[in-house]
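Residue numbers (our numbering): 171 to 944. Report on the structure given below.
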Amino acid sequence: MDNPFYKLAPFIQEYIYSHRWTQLRAVQTAACYTIFETDDNLLLSAGTASGKTEAAFFPILSLFDEDPPASVGALYIGPLKALINDQFLRLNDLCEEADIPVWHWHGDVNRSHKDKLIRHPSGILQITPESLEAMLRHRHQDIVRLFGDLRFVVIDEVHSLMRGDRGAQVLCLLERLQRMSGVIPRRIGLSATIGDLDKAGEWLSSGTGRKTQTPKIEARGTRWRISMEYFNMVDTVGFGYKKIVKKDPLAPKSFRLSAPEYLDLTEDPEPPTDIAPADADPGMGYIFEHTAGRKCLVFCNSREECEVVTTTLRHYCDLNNEPDRFLIHHGNLSASLRETAESDMRDESLSLTTCTTATLELGIDIGRLERAFQIDAPFTVSSFLQRMGRTGRRDTPPEMWFVIREEQALPTAPLPQLIPWKLLQAIALVQLYMEERWVEPPNPDHLPYSLLYHQTMSILATSGELRAKELAERVMTLSPFKNVPLEDFRELLLHLIEIDHIQKTAEGGLIVGLAGERVVNSYKFYAVFKEDELFTVRCGSQELGTIVQPPPLGERIALAGHVWINIEIDYKKKLIFVEPVGGTIPAFFGLCPGDINTKILRRMERLLRERDTFPYMRPASLKRLADVRTLVTNAGGLRPLMHLGGEMWALLPWLGTYAFLAAERFLKIKCAKELGITGFESARPYFMQFKMKATAREFWEVTGRMAAEDFDAMELVYPKEVPYFEKYDEYVPEALIRKGFAYDILAVDEMRAYFIGASRPGLPEKSTALDDCS
């Protein structure tokens with residue numbers, strides 16, 4: 171194709187000129203080719219701030235300018251309301267010159283805006299999956315008029331939807347929309363972090379009958395600035411302790427990523443821009459001192475941790491008699507508080523730091539960010555790249571400072587408890603991308619029974635009475651259910667009739683039953699992700715956010731980055747009334763990490779075996795890594811099965827979360843009796859400890875033999891266990907819940923490969939059985 175610039179509409183060309191762009195970026199050229207020259211779907215995977223949104227919409231809007239659609243012409247699906255609000259402003263600026271309307275539709279959009287779209291369907295509609303579900307349910311009579319000439323569906327941050335019920339719900343909704351509207355629009359997926367483009371392309375094309383083009387976008391050499399430092403944790407309540415480490419004034423080392431890889435090392439002294447209180451927690455003080463006067467993000471791995479970090483940093487401002495310079499942003503805060511934080515971060519005159527979770531991991535524009543901090547390690551390479559990519563826009567390099575905090579174990583603790591797991595995990599994430607450009611591949615569920623319930627009830631509520639055969643044809647032909655046996659659907663229907671979620675009419679048809687109506691008529695029905703039973707927290711008339719469990723009256727809670735005292739609870743209305751108080755509160759966090767891939771654990775294992783160091787590591791992290799390597803050497807090397815003394819043993823299988831979970835159950839259910847295993851404890855997915863009467867040789871012989879036997883994954887589900895994971899599991903037959911857990915959650919094949927391989931001669935010294943399992 172000739173220069174695609176000249177195929178763009180005049181108003182797009184003028185937009186490019188006005189922004190002083192001298193040429194289209196590679197991702198924009200690739201998008202123009204696929205959209206202008208083919209009828210294929212398109213998956214665009216390129217770095218954050220690479221112009222993916224413009225890449226998709228420049229050619230789409232050019233086609234609309236030439237041939238205006240008779241209905242909504244493009245549907246943009248975003249995973250977050252905030253992302254939609256942000257993109258609404260960007261697209262509105264782009265489209266207003268061409269008189270192409272941009273609409274947005276989610277729970278916070280006013281009714282008059284929605285009514286105007288219903289009266290005049292046109293242009294681009296931006297929507298969340300939940301609002302699209304509600305639209306198909308309540309506006310089904312308008313679908314042909316709204317979408318009869320729909321030509322494109324753009325799915326932003328598509329990687330966030332490729333595992334779990336929410337992404338499968340999107341596929342169901344798009345296929346239902348195709349059937350109701352009579353058109354099959356082309357799909358365009360946008361993401362900065364996709365691990366397997368071919369698999370992702372298959373996911374995107376589900377139910378369209380089209381191929382997906384996945385152009386390889388050559389990334390320009392990108393300079394990263396990464397720092398990784400290690401701190402001992404201390405009690406942040408009471409301030410009755412001494413400093414443990416000295417402040418390190420050195421900024422991150424920077425290096426360039428390109429192909430072939432090389433490192434450009436620089437020492438760039440950068441003194442702190444503030445001084446933490448004398449007895450501050452070392453890690454928190456480090457963040458406090460290196461955020462002053464800058465726009466930063468501090469990423470936490472849970473909402474609870476985010477609250478405690480924010481209150482701690484704000485408390486340091488109070489102790490120093492400084493203005494508060496910390497904001498907070500996570501999913502349990504009210505929309506107004508989140509939007510205020512986003513607005514304040516976009517204000518170029520303010521130098522503020524926002525403590526956040528995954529809610530700011532995706533591509534919301536919050537202005538020029540200079541630096542991101544990550545407390546401990548994220549769970550995935552994808553999250554690391556997304557969080558890193560939030561900084562470095564507008565011609566500055568992306569910058570991430572890892573702050574690894576660890577409670578100091580007793581010197582007499584067993585070796586597995588002396589390993590700095592979070593430090594190893596953080597290094598492994600960085601190295602896997604640097605060395606291999608590896609990112610977690612898509613891994614959709616094969617037996618999504620909770621979603622099967624949801625879509626069955628949604629379709630029945632939308633359509634009215636249907637025969638069982640008709641209902642099966644509408645539900646079971648949706649692509650997310652292609653692996654579900656028809657017999658399982660029959661079992662689900664019989665169960666739903668039994669519990670009155672579905673009722674059989676005198677004519678033999680099926681309708682929503684009385685109990686089912688209470689579910690489908692709730693506003694919470696549209697979402698398929700699991701929600702906690704939330705209490706709304708208010709101070710006077712101001713809504714602060716939500717929490718799961720109300721504390722006793724008079725107890726303190728952390729919310730919205732401040733500390734409050736509970737003065738009243740209304741259990742009927744689920745309201746908690748609070749008043750502000752000073753100080754901080756302690757943090758209590760669970761031990762179970764997120765879904766970590768086996769590839770990450772294997773790279774962590776290699777870190778203990780090799781002697782390499784890495785240019786982004788700061789002095790304390792280098793020392794901690796060297797110390798644990800020495801510790802492992804002095805212990806006789808790194809063995810997957812370690813004798814801790816007496817009958818105590820530890821197993822370090824270096825398996826990902828779900829293979830590790832399968833290994834736990836395999837040992838308890840299949841092997842414990844023969845090996846004499848008792849007192850089982852687990853620090854998933856790092857190590858497990860237990861008492862055992864057998865020897866190491868007997869352990870590998872038994873586990874290898876048992877793993878090689880032909881057994882069903884259902885044998886690793888306890889007899890009376892019904893493991894509810896998803897939102898609607900409670901309405902699914904228990905037998906199907908157990909089946910879904912066994913075949914979708916437990917990575918049994920990977921676990922079996924590990925034990926079979928490790929039982930071979932010479933392999934227990936080095937667990938190499940997983941080379942084909944990552």
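For every residue, glycine included, the Cβ atom is placed at its ideal position computed from N, Cα and C. All figures in this text were calculated on a predicted structure; none of them were measured in a lab.
Pick from the options that is closest to residue i, judged by C-alpha positions
{"i": "ASP514", "options": "THR298, ILE498, ASN502 and ALA883", "result": "ILE498"}
{"i": "MET454", "options": "LYS465, GLY849 and CYS487", "result": "CYS487"}
{"i": "GLU775", "options": "PRO785, LEU792, MET787 and VAL798", "result": "VAL798"}
{"i": "ILE543", "options": "ASN471, ASP237, TRP373 and PRO174", "result": "The question names Ile, yet the displayed sequence has Phe at residue 543. Ranking the options by Cα distance to PHE543, first place goes to ASN471."}
{"i": "ASP615", "options": "ALA917, HIS276, GLN673 and ARG380", "result": "ALA917"}
{"i": "PRO810", "options": "THR443, LYS838 and LEU771", "result": "LEU771"}
{"i": "ALA596", "options": "GLU657, ALA638, GLU610 and SER791", "result": "SER791"}
{"i": "PRO903", "options": "GLU668, ARG495, PHE651 and ASP172", "result": "GLU668"}
{"i": "GLN578", "options": "PHE572, ASP740, LEU588 and LEU886", "result": "LEU588"}
{"i": "ARG336", "options": "ALA446, HIS274 and LEU621", "result": "LEU621"}
{"i": "PHE699", "options": "ILE457, GLU896 and TYR924", "result": "GLU896"}
{"i": "ALA225", "options": "THR510, PHE401 and GLN193", "result": "GLN193"}
{"i": "ASN490", "options": "LYS465, PHE458, LEU507 and CYS476", "result": "PHE458"}
{"i": "SER553", "options": "PRO174, ASP209 and GLU610", "result": "GLU610"}
{"i": "ALA878", "options": "ARG508, TYR924 and PHE850", "result": "TYR924"}
{"i": "PHE881", "options": "MET403, ARG289, ASP312 and PHE836", "result": "PHE836"}
{"i": "PHE401", "options": "HIS276, LEU532 and PHE572", "result": "PHE572"}
{"i": "LEU367", "options": "HIS624, ASN613, SER711 and MET398", "result": "ASN613"}
{"i": "LYS694", "options": "LEU599, ASP237 and SER301", "result": "SER301"}
{"i": "ARG247", "options": "TRP275, ILE230, ASP235 and SER220", "result": "Before going further, note that residue 247 is Ile rather than Arg in the sequence given. If we check each option's Cα against that of ILE247, TRP275 comes out closest."}
{"i": "ILE534", "options": "LEU845, ARG688 and LEU259", "result": "LEU259"}
Paired residues, beta bridge with residue i - DSSP
{"i": "ASP740", "result": "LEU745"}
{"i": "VAL468", "result": "CYS525 and PHE543"}
{"i": "PHE857", "result": "ALA853"}
{"i": "TYR124", "result": "Because the chain here runs from 171 to 944, residue 124 falls outside it and cannot be looked at."}
{"i": "MET398", "result": "PHE572 and MET787"}
{"i": "ALA728", "result": "VAL733"}
{"i": "GLU713", "result": "ARG708"}
Presumed contact (8 Å Cβ cut-off) between residue i and residue j, rounded CB distance
{"i": "LYS909", "j": "LEU617", "result": "7 Å"}
{"i": "PHE469", "j": "ILE545", "result": "7 Å"}
{"i": "VAL353", "j": "PRO299", "result": "VAL353 to PRO299, Cβ: 20 Å. No contact."}
{"i": "GLU372", "j": "LEU648", "result": "No, GLU372 and LEU648 are not in contact; Cβ-Cβ is about 16 Å, not under 8 Å."}
{"i": "THR529", "j": "LEU250", "result": "7 Å"}
{"i": "THR510", "j": "PHE496", "result": "At roughly 13 Å, the Cβ-Cβ gap does not stay under 8 Å, so THR510 and PHE496 are not in contact."}
{"i": "VAL960", "j": "VAL707", "result": "There is no way to answer for residue 960, as the model of the chain reaches only from 171 to 944."}
{"i": "VAL272", "j": "ASN280", "result": "Rounded, the Cβ-Cβ distance is 15 Å, inconsistent with contact."}
{"i": "ALA547", "j": "LEU599", "result": "6 Å"}
{"i": "LEU331", "j": "SER351", "result": "Not quite, the Cβ-Cβ distance comes to about 21 Å (not below 8 Å), so this is no contact."}
{"i": "SER692", "j": "GLU303", "result": "Actually they do not touch by this definition, with Cβ atoms about 13 Å apart."}
{"i": "LYS963", "j": "SER521", "result": "This structure does not reach residue 963, given that the chain is present from 171 up to 944, and the question cannot be answered."}
Cα-Cα separation between residue i and residue j, rounded to whole angstroms
{"i": "LYS177", "j": "VAL242", "result": "23 Å"}
{"i": "SER232", "j": "ILE182", "result": "7 Å"}
{"i": "LEU585", "j": "VAL802", "result": "8 Å"}
{"i": "SER215", "j": "GLY365", "result": "10 Å"}
{"i": "PRO720", "j": "CYS709", "result": "15 Å"}
{"i": "SER944", "j": "GLN556", "result": "For SER944, the predicted model reports a pLDDT of 36, less than 50, meaning its position is unreliable; a value from the coordinates is still stated below. Each residue's alpha carbon lies about 21 Å from the other."}
{"i": "ALA179", "j": "VAL645", "result": "41 Å"}
{"i": "PRO785", "j": "GLU834", "result": "37 Å"}
{"i": "ARG773", "j": "GLU475", "result": "27 Å"}
{"i": "LEU503", "j": "GLY559", "result": "24 Å"}
{"i": "MET921", "j": "ALA832", "result": "6 Å"}
{"i": "PHE227", "j": "HIS308", "result": "29 Å"}
{"i": "PHE860", "j": "GLU817", "result": "8 Å"}
{"i": "ARG607", "j": "GLY679", "result": "54 Å"}
{"i": "HIS189", "j": "PHE175", "result": "14 Å"}
{"i": "ARG508", "j": "GLY277", "result": "15 Å"}
{"i": "GLN311", "j": "LYS742", "result": "37 Å"}
{"i": "GLU576", "j": "MET398", "result": "14 Å"}
Practice problem: Say whether the region 192-208 touches the region 251-267, bearing in mind that this needs 3 or more beta-carbon pairs closer than 8 Å, one atom from each stretch. | Solution: They do not touch, by the three-pair rule.
Quiz item: Counting Cβ pairs closer than 8 Å, one from the region 623-640 and one from the region 378-385, do we hit at least three?
Solution: By the Cβ criterion, the region 623-640 is not in contact with the region 378-385, since fewer than three pairs of Cβ atoms, one from each stretch, lie closer than 8 Å.
Quiz item: Does the pairing of the region 725-733 with the region 659-671 give three or more beta-carbon distances under 8 Å?
Solution: The answer is no - the region 659-671 does not touch the region 725-733, with fewer than three Cβ pairs under 8 Å.
Quiz item: Looking at C-beta atoms only, is the number of pairs between the region 320-340 and the region 357-377 that lie closer than 8 Å three or more?
Solution: Judged by pairs of C-beta atoms under 8 Å, the region 320-340 touches the region 357-377, as three or more such pairs exist.
Quiz item: Between the region 813-827 and the region 897-916, are three or more C-beta pairs nearer than 8 Å?
Solution: The answer is no - the region 897-916 does not touch the region 813-827, with fewer than three Cβ pairs under 8 Å.
Quiz item: Is the region 204-213 in contact with the region 501-517, if contact means three or more CB pairs nearer than 8 Å?
Solution: No: the two stretches stay apart, fewer than three of their Cβ pairs being nearer than 8 Å.
Quiz item: Pairing CB atoms from the region 263-274 with CB atoms from the region 309-317, are three or more of them under 8 Å?
Solution: The region 263-274 makes no contact with the region 309-317; the number of CB pairs closer than 8 Å stays below 3.
Quiz item: Is the region 863-873 touching the region 886-893 in the sense that three or more CB pairs, one from each, lie closer than 8 Å?
Solution: No contact exists between the region 886-893 and the region 863-873.
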